[in-house]
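Residue 31 is where the sequence shown starts when you use our numbering, and the numbers rise one by one after that.
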Amino acid sequence: VDRVQGLSADDADRARAVLQGAERVVVLTGAGTSAESGVPTFRGEEGLWRSFRPEELATPEAFARDPELVWTWYRWRRSLVADCSPNPGHVALARFALRHGATTIVTQNVDGLHTRAAIEAADVGDPAPALPLELHGAIGRDRCSACGAVREALVLEGPAEGPRTIPRCPICDGPLRPDVVWFGEALDAELLERAFERARGADVCLVVGTSAVVQPAASIPITTLERGGALIEVNPEPTPLTPRATISLRGKSGPLLGALLDPA
Ligand SMILES: [Zn+2]
């Protein structure tokens with residue numbers, strides 16, 4: 031692992047040994063892992079949406095008030111995400127999870143790139159890969175706001191201009207919405223409980239590309255620590271979690287995860 035620049039070989043070697051020897055690993059990822067795939071933060075520096083902030087559009091109130099506006103924004107976001115691909119960090123995590131069956135990837139990202147990497151990493155004939163727990167949902171899925179039915183979005187449409195119709199539920203004809211957790215909404219309790227269950231039972235929690243300050247996800251690594259497991263952090267900058275980490279590694283997730291997780 032000494033080929034990774036700017037990294038203490040000791041810490042990286044230790045982290046690699048801990049991860050390769052662990053029986054149960056829980057991984058928590060955030061925006062940093064997606065940044066290397068070019069997924070934008072949707073803070074609206076560009077043209078059409080520069081006068082909107084996500085906090086004004088990604089809310090149940092905005093959807094109730096103007097669903098066409100919210101859908102037009104999400105179609106634009108989907109088109110940007112559709113142009114992105116899993117990066118070496120996603121791929122290294124997906125391959126590690128395939129080899130270490132008791133690995134659970136928990137992500138705060140909605141771009142679906144961990145799921146794509148998991149599906150792409152599995153060879154023909156492999157058992158279906160365990161899919162990541164997407165705590166904030168997935169932008170590529172629709173959910174019925176009336177009956178709750180979920181489906182993959184039928185099309186990843188190109189940049190949308192102007193009003194369009196709102197997609198309807200094929201089961202109950204209710205209005206569909208993107209299957210993501212909006213500002214002011216609670217995370218899926220069952221999904222969250224599964225994430226904490228894995229965190230309680232994990233030998234190691236690997237935290238990647240997140241400052242891990244937003245609750246309740248921020249409690250996942252602490253749960254593993256308090257149960258006697260190790261906490262390994264990978265982030266370009268120190269975070270509030272760094273002082274508690276068993277091992278904290280500075281750097282981008284793509285090259286670092288390859289060094290830590292790929293087989294020798
Ligand atoms: Zn429905």
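For each residue, glycine too, the CB sits at the ideal point set by N, CA and C.
Every value quoted in this text rests on a predicted model; they were computed, and no experiment measured them.
Since residue i is in the beta strand (DSSP E), which residue starts that stretch and which ends it?
| i | result |
| --- | --- |
| alanine 45 | First-last for alanine 45: 39-51, but that is the alpha helix (DSSP H), not the beta strand (DSSP E). |
| leucine 271 | From DSSP, leucine 271 is part of no beta strand (DSSP E); its letter is neither H nor E. |
Does residue i come out as helix, strand or coil in the three-state DSSP assignment?
| i | result |
| --- | --- |
| alanine 289 | helix |
| glutamate 296 | Because the chain here runs from 31 to 294, residue 296 falls outside it and cannot be looked at. |
| isoleucine 250 | helix |
| alanine 190 | For alanine 190, the pLDDT reaches just 47, beneath the cut-off of 50, and the residue's location in the model is therefore unreliable, although a value from the coordinates is still provided. In the structure shown, alanine 190 sits in coil (DSSP, three-state: anything other than H, G, I, E or B). |
| alanine 65 | helix |
| glutamate 263 | strand |
| valine 100 | helix |
| valine 244 | coil |
With a threshold of 7 Å on Cβ separation, who are the neighbours of residue i within its own chain once the five nearest residues in sequence on each side are excluded?
| i | result |
| --- | --- |
| glycine 230 | In the sequence under discussion, the amino acid at residue 230 is arginine, which differs from the glycine named in the question. Hits under 7 Å: Thr253 and Arg257. |
| glycine 214 | Thr89 and Pro90 |
| lysine 282 | Glu66 and Pro266 |
| threonine 276 | Ala260, Leu261 and Ile262 |
| glycine 68 | Cys114 |
| alanine 225 | Val136, Leu163, Leu165 and Ile250 |
Sorted by chain position, which residues of the same chain lie with C-beta nearer than 8 Å to residue i's C-beta, five sequence neighbours on each side aside?
| i | result |
| --- | --- |
| alanine 145 | Residue identity differs from the one stated: residue 145 is threonine in this sequence, not alanine. Cβ within range, chain order: Leu161, Pro162, Glu164 and Ala168. |
| glutamine 138 | Leu58, Thr59, Gly60, Ala61, Leu165, His166, Thr240, Val244 and Ala247 |
| glutamate 187 | Because the pLDDT of glutamate 187 is 47, which lies under 50, any placement of that residue in the model is unreliable, and the question is left without a value. |
| cysteine 202 | Cys174, Ala176, Cys177 and Ala179 |
| proline 205 | Pro97, Cys174, Ser175, Ala176, Ile196, Pro197, Arg198 and Cys199 |
Go to residue i, then tell me how far its alpha helix (DSSP H) extends in each direction, as first and last residue.
| i | result |
| --- | --- |
| proline 90 | 90-95 |
| leucine 200 | Here residue 200 turns out to be proline, not leucine, going by the sequence shown. Counting along the chain, proline 200 falls outside any alpha helix (DSSP H), and DSSP gives it neither H nor E. |
| arginine 83 | Per DSSP, arginine 83 belongs to no alpha helix (DSSP H) and is neither H nor E. |
| histidine 120 | 118-129 |
Ignore the nearest five residues each way along the sequence and tell me which others in residue i's own chain have a CB closer than 6 Å to its CB.
| i | result |
| --- | --- |
| arginine 181 | Asp172 |
| valine 56 | Thr134, Arg228, Ala229, Ala232 and Cys235 |
| leucine 290 | Ala45, Arg46 and Leu49 |
| tryptophan 103 | Leu87 |
| aspartate 153 | none |
Looking only at DSSP bridge pairs, what is residue i linked to?
| i | result |
| --- | --- |
| alanine 168 | Asp209 |
| serine 278 | Glu263 |
| cysteine 177 | Cysteine 177 pairs with nothing; no bridge assigned. |
| leucine 163 | Val136 |
| valine 57 | Ile135 and Leu236 |
- Task: Just list the alpha helix (DSSP H) runs in the stretch 133-158, keeping only unbroken ones of 4 residues or longer that don't cross its boundaries, in chain order.
- Result: 143-151
- Can you check the stretch 215-239 for any alpha helix (DSSP H) of at least 4 residues that lies completely inside it and give the ranges in chain order? 219-231
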